[in-house]
Amino acid sequence: MRRLTLFLKGNVDLYDSLHSCRIGGKLCWNGVNEIVRTRYPGVSIRMRHETSTSSEALLEATGSVPVELSDCSAPLGAYPLESQFSTKVFETDADVIVMSVMPEIATRLVRHQRAGFPFYPNSAGSWPAHEQEWLRREFVETAPLTVEQSMGNLEKIVDRIRERSQAPILIYNLSFVMPGEHIHCHLGLDEVFSTAVRRFNLGLIELSAKTGVSIVDVDAVLARAGADGLKIDAMHLSPEGCRLVAEDVVRILCDLGLFEADAPPTERRLDACEQA
Numbered sequence: 006m007r008r009l010t011l012f013l014k015g016n017v018d019l020y021d022s023l024h025s026c027r028i029g030g031k032l033c034w035n036g037v038n039e040i041v042r043t044r045y046p047g048v049s050i051r052m053r054h055e056t057s058t059s060s061e062a063l064l065e066a067t068g069s070v071p072v073e074l075s076d077c078s079a080p081l082g083a084y085p086l087e088s089q090f091s092t093k094v095f096e097t098d099a100d101v102i103v104m105s106v107m108p109e110i111a112t113r114l115v116r117h118q119r120a121g122f123p124f125y126p127n128s129a130g131s132w133p134a135h136e137q138e139w140l141r142r143e144f145v146e147t148a149p150l151t152v153e154q155s156m157g158n159l160e161k162i163v164d165r166i167r168e169r170s171q172a173p174i175l176i177y178n179l180s181f182v183m184p185g186e187h188i189h190c191h192l193g194l195d196e197v198f199s200t201a202v203r204r205f206n207l208g209l210i211e212l213s214a215k216t217g218v219s220i221v222d223v224d225a226v227l228a229r230a231g232a233d234g235l236k237i238d239a240m241h242l243s244p245e246g247c248r249l250v251a252e253d254v255v256r257i258l259c260d261l262g263l264f265e266a267d268a269p270p271t272e273r274r275l276d277a278c279e280q281a
């Protein structure tokens, strides 16, 4: 049995499609190995997953939690301090690295007023009152990333990964279809989430052209199969949607030569990139 390791630096879109999807505690999709076991019986995929708050935070991470957060006991849920300040994506020996534009659009960071580091106060509205007061006292809000800032950051991240690894890098885009949204005139509206998704998806195409990263085109995958029936909300896919996205990841890994058994990993990757 040959094992491929995927390092997932991202959030629910990566985890649900590639690792597993549970709804109400029930396992509804058991991840990419459901596909790989059938198509490539001699291969299994192991995943290591860390959540991500944004490219901005990742570039500034040092691998250590700032001392100013040493007494933070706020419930951060899926975004623990260790993940927020981790640099493991730059140090991993994984065969494939998978990221997403979701954190670029969906998360809003704050910055420490004195030390200047970025921080994601996940679900701050439900924190205890004293933790909310601490947040207001110690941090200031930041503006959302523009497409240009985000893609510039992602390009730097790709370059930094490439300093020590030639592992293929896959980046998920997002589906712009929002359940229940039926806007036909944007006059007087601020930019809605679906419009932001379109802008970031276009930026990701330009990033791919510059750096050679592969796009997992979630938008196209869901559009072909009927996005309205495959999205639970703006961020979450149905189990069938997760399966379809995982199918596309397997297709990309196959195109890149990751399932070939007759060549060492680095050679497979370089050959695939040259052929592409």
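For the sequence shown, my numbering assigns the number 6 to the initial residue and increments by one for each residue that follows. Backbone N, C-alpha and C fix where the C-beta goes; we use that ideal spot for every residue, glycine too.
Taking one beta carbon from each stretch, the stretch 72–82 and the stretch 122–136 have 3 or more pairs nearer than 8 Å; the two touch.
Taken through DSSP and simplified to helix, strand or coil, residue 177 comes out as strand. Between the beta-carbon of residue 224 and that of residue 178 there is about 5 Å, and that keeps the pair under the 8 Å contact cut. Judged by beta-carbon spacing, residue 239 lies beyond the 7 Å limit of residue 156, meaning their Cβ atoms are not closer than that value.
With at least 16 other beta carbons inside 10 angstroms of its own, residue 61 counts as buried. In this structure, residue 37 lies away from residue 19, with their beta-carbon atoms at least 7 Å apart. A distance below 7 Å between beta-carbons, with the five flanking residues on each side excluded, links residue 201 to the following residues of its chain, in chain order: 110. For residue 165, the secondary structure class from DSSP, reduced to helix, strand or coil, is helix. As a beta-bridge residue in DSSP terms, residue 34 pairs with 26.
Comparing alpha carbon positions, the residue from 118, 55, 115 closest to residue 97 is 55. For residue 227, no beta strand (DSSP E) segment is defined; the enclosing uninterrupted segment is the alpha helix (DSSP H) at 223–230. In the DSSP assignment, residue 117 falls within the unbroken beta strand (DSSP E) covering 115–117. In the same chain as residue 35, and ignoring 5 residues on each side of it, the C-beta atoms closer than 6 Å to its own belong to 25, in chain order. Scanning the stretch 118–163 from its first residue to its last, the whole beta strand (DSSP E) runs of 3-plus residues come out as 144–146. Fully enclosed alpha helix (DSSP H) runs of no fewer than 4 residues occupy 244–260 of the stretch 238–270, in order along the chain. From the listed residues 261, 32, 151, 86, the smallest Cα separation to residue 204 is found for 151. Taking all protein chains in view, the Cβ of residue 190 is surrounded by fewer than 16 other Cβ atoms within 10 Å, so the residue is classified as exposed. Taking the C-beta atoms as reference points, residue 213 is found no nearer than 7 Å to residue 257. Note on residue 105: 16 or more other CB atoms within 10 angstroms of its CB, so buried under the neighbour-count rule. Residue state for residue 10 is assigned as strand, using DSSP reduced to three classes. Rounded to the nearest whole angstrom, the C-alpha separation of residue 176 and residue 140 is 32 Å. Burial state of residue 164 is exposed, judged by a 10 Å Cβ sphere holding fewer than 16 other Cβ atoms. Note on residue 195: under 16 other CB atoms within 10 angstroms of its CB, so exposed under the neighbour-count rule.
Your pair residue 88 and residue 68 does not check out as a contact, with CB atoms roughly 11 Å apart and the cut at 8 Å. In the structure shown, residue 186 adopts coil according to DSSP, grouped into three states.
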